[in-house]
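As structure tokens, the structure follows; a few thoughts come after it.
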Amino acid sequence: MFLQEHFNIVFNNLFTITNLPVGRTKIHLERRKLYSSYLQFLESHFNSSTLEHLMCRDQLSIDYLGNVYDCDFNQMMNLPAKNRNGKTLTVSKLVEVGSLDVISEIQTAAYCYGCTAGCGSSCGGALLES
Ligand code: SF4
Numbered sequence: 000m001f002l003q004e005h006f007n008i009v010f011n012n013l014f015t016i017t018n019l020p021v022g023r024t025k026i027h028l029e030r031r032k033l034y035s036s037y038l039q040f041l042e043s044h045f046n047s048s049t050l051e052h053l054m055c056r057d058q059l060s061i062d063y064l065g066n067v068y069d070c071d072f073n074q075m076m077n078l079p080a081k082n083r084n085g086k087t088l089t090v091s092k093l094v095e096v097g098s099l100d101v102i103s104e105i106q107t108a109a110y111c112y113g114c115t116a117g118c119g120s121s122c123g124g125a126l127l128e129s
């Protein structure tokens, strides 16, 4: 209402995205001693219904060197995708073997609770209807 009244801005397609505690957000939270409580908040709102919709299940993130990650957050946190032998992967390796099945499993970390809390979160907004 405020934005409409003062700036004539009306939302007709609103994306809601959780602030994952990585990068500058993590630094910001740590400086204010809020990092642990924010993580606990996300964890306490874990919703298993979000799991099948997580963007890391059907998307990849590639850095400028061709290294493969399960998502942009993992790229930001330098947590690369790995094969079953624990070796990191590149686009050229994926092309060489002709399959994404060489990726052993999605690499996860505590910040994944940001994608799985409540209605979930992704680059396309919430994962579930509220
Ligand atoms: S942060 Fe974790 S849950 Fe979210 S997309 Fe990346 S790997 Fe998946």
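Everything in the sequence shown is counted per numbering that gives the first Met the number 0, starting at 0 for the first residue and increasing by one.
Think of the CB as a built atom: it goes at the ideal place given N, C-alpha and C, for glycine as much as any other residue.
Values in this document were obtained by computation on a predicted structure and should not be read as measured data.
By the three-class DSSP mapping on this structure, what secondary structure does residue i have?
{"i": "K92", "result": "helix"}
{"i": "A80", "result": "coil"}
{"i": "N22", "result": "Going by the sequence as given, residue 22 is Gly instead of Asn. It is helical."}
{"i": "S121", "result": "strand"}
{"i": "Q3", "result": "helix"}
{"i": "L33", "result": "coil"}
{"i": "L99", "result": "coil"}
{"i": "A108", "result": "coil"}
Among the options, whose alpha-carbon lies nearest the alpha-carbon of residue i?
{"i": "S129", "options": "S36, N7 and N46", "result": "N46"}
{"i": "T89", "options": "P20, R23 and Y63", "result": "Y63"}
{"i": "R56", "options": "N66, F1, G117 and T107", "result": "T107"}
{"i": "G124", "options": "H5, M0 and L13", "result": "L13"}
{"i": "T115", "options": "I8, I16, N11 and F10", "result": "I16"}
{"i": "G85", "options": "Q74, I105 and S98", "result": "I105"}
{"i": "S121", "options": "H52, H5, T24 and R30", "result": "H52"}
List the residues that DSSP assigns as beta-bridge partners of residue i.
{"i": "S60", "result": "Y68"}
{"i": "F45", "result": "A116"}
{"i": "T87", "result": "K81"}
Beta carbon of residue i: closer than 6 Å to some heavy atom of ligand 2?
{"i": "M76", "result": "Annotation note on ligand 2: not contained in the displayed structure, which lists ligand 1 as its ligands."}
Who are the Cβ neighbours of residue i in its own chain at under 6 Å, not counting the five residues just before and after it?
{"i": "M76", "result": "V21"}
{"i": "V9", "result": "Q3"}
{"i": "L28", "result": "P20, Y34 and Y37"}
Go through its chain and collect everything with a Cβ distance to residue i's Cβ below 8 Å, but skip five positions before and after it.
{"i": "T87", "result": "N66, V67, P79, A80 and K81"}
So, at 7 Å on beta carbons, what are the nonlocal neighbours of residue i in its own chain, with the 5 sequence-adjacent residues on each side left out?
{"i": "K40", "result": "Residue 40 is actually Phe in this sequence, not Lys. Excluding positions up to five away in sequence, the list is empty."}
{"i": "Y112", "result": "L38, L41, E42 and F45"}
{"i": "S103", "result": "K81, N82 and R83"}
{"i": "F72", "result": "L19, V21 and Y110"}
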